[in-house]
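This report concerns only the one structure given below.
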Ligand SMILES: [Zn+2]
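Residue numbers (this note's numbering): 478 to 817.
Below, the structure written as structure tokens:
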């Protein structure tokens, strides 16, 4: 199975983060492991929104991962755990290097190299194909995002070594609540960034339509201006109507843009009311010949793994579950940024 949408900030076991925290002598408010573990468990009855989710957990995990040694150990453990828990055979790990530099104490090059080295060890030890997606941030300045693009090009994959690749793609992530996708000047600058990355051989994925803040209109702007290879979530397509829905369905199908679905995180962030909603969405995508795949997003914050995410959707799908899940797995292979 392939996990194409998984964040370094939400995919490392709390035990590993606790050990890094203690070994590095970081001063925090956490008095013991139990308190720490509890604080890194996201529950649907506690999380208020996507913004709340992103703001509450990632600051802590990103701070702990902000050194080359911590970033390397974290990347290794993501792959090791995904393989042992869910037999994941290919994993594209995404992270924002700017958020792991400890306010300029470390260089972006050192952090990216450390993640690459962690993934190389994991690929060698577990036989998992790996690649890196660097996430830009809606909450970062344009200048900082340009620096990530330049770093991605510098560290781009030159082909796999023992299954490990360097940077294979670019992502856009961060809070959707400012609806930046609806701002013309911002989108034109981001479009230029993505174009530069694409010309250097990198693939593009983009978090959009994860909540109503970007919604169907944001998705349409991204499809028309960024031309991504994949969309992160895009669950808001289910609320699109009329001409907007027709345009979205046509663009997604004709350009074969793969939708990266992450069921449990959508439930935890209250974007969807129940898993049946995701199952209906999968059926709608299949009916309209739009590619989709199932992923974990932040498996340790929401206590899941890839096997479980497929099972959850399968339980809701009913009779043709295996057909629709197999299709999702095929799409994940076909739309992976990692070259075989
Ligand atoms: Zn995500």
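In this text, a Cβ means the ideal position worked out from N, Cα and C, and glycines have one as well.
Source: prediction; values computed, not measured.
Residue nearest to residue i in terms of C-alpha spacing, selected from the options
| i | options | result |
| --- | --- | --- |
| residue 578 | 798, 592, 521 and 568 | 592 |
| residue 631 | 645, 800 and 498 | 645 |
| residue 484 | 502, 511, 501 and 572 | 572 |
| residue 709 | 684, 786, 746 and 692 | 684 |
| residue 588 | 703, 596, 790 and 545 | 545 |
| residue 676 | 626, 779 and 478 | 626 |
| residue 670 | 619, 691 and 661 | 619 |
| residue 752 | 792, 728 and 534 | 792 |
| residue 745 | 525, 510 and 513 | 525 |
| residue 741 | 813, 712 and 543 | 712 |
| residue 500 | 547, 514, 518 and 515 | 547 |
| residue 703 | 681, 692, 722 and 723 | 681 |
| residue 815 | 638, 781 and 668 | 638 |
| residue 478 | 806, 543, 696 and 542 | 806 |
| residue 772 | 726, 529 and 786 | 786 |
Proximal residues to residue i (C-beta, below 7 Å), its chain only, five neighbours per side dropped
| i | result |
| --- | --- |
| residue 561 | none |
| residue 603 | 556, 557 and 560 |
| residue 634 | 608, 642, 643, 644 and 645 |
| residue 629 | 611, 644, 647, 674 and 679 |
| residue 762 | 736 and 769 |
| residue 640 | 600, 604, 605, 606 and 607 |
Same chain, Cβ closer than 6 Å to residue i, five either side skipped, listed in chain order
| i | result |
| --- | --- |
| residue 663 | 657 |
| residue 688 | 527, 653 and 748 |
| residue 614 | 573 and 651 |
| residue 621 | 575 |
| residue 535 | 486 |
| residue 598 | 553 |
Closer than 8 Å: residue i CB and nearest ligand 1 heavy atom
| i | result |
| --- | --- |
| residue 775 | yes |
| residue 650 | yes |
| residue 699 | no |
| residue 791 | no |
| residue 508 | no |
| residue 709 | yes |
| residue 479 | no |
| residue 484 | yes |
| residue 685 | no |
| residue 748 | no |
| residue 770 | no |
| residue 555 | no |
| residue 742 | yes |
| residue 735 | no |
| residue 739 | yes |
Same chain, Cβ closer than 8 Å to residue i, neighbours up to 5 away in sequence not counted
| i | result |
| --- | --- |
| residue 532 | 652 |
| residue 794 | 756, 759, 760, 801 and 802 |
| residue 734 | 700, 705, 706, 707, 708, 728, 767 and 768 |
| residue 784 | 478, 562, 563 and 564 |
| residue 624 | 575 and 585 |
Buried or exposed (CB count within 10 angstroms, at least 16 for buried), residue i
| i | result |
| --- | --- |
| residue 523 | exposed |
| residue 564 | exposed |
| residue 584 | exposed |
| residue 738 | buried |
| residue 511 | exposed |
| residue 636 | exposed |
| residue 750 | exposed |
| residue 550 | buried |
| residue 482 | buried |
| residue 570 | buried |
| residue 813 | buried |
| residue 508 | exposed |
| residue 518 | exposed |
| residue 698 | buried |
Legend entry - Touching by the beta-carbon criterion (3+ pairs, under 8 Å), the region 482-497 and the region 711-718: Cβ pair count under 8 Å is below three, so no.
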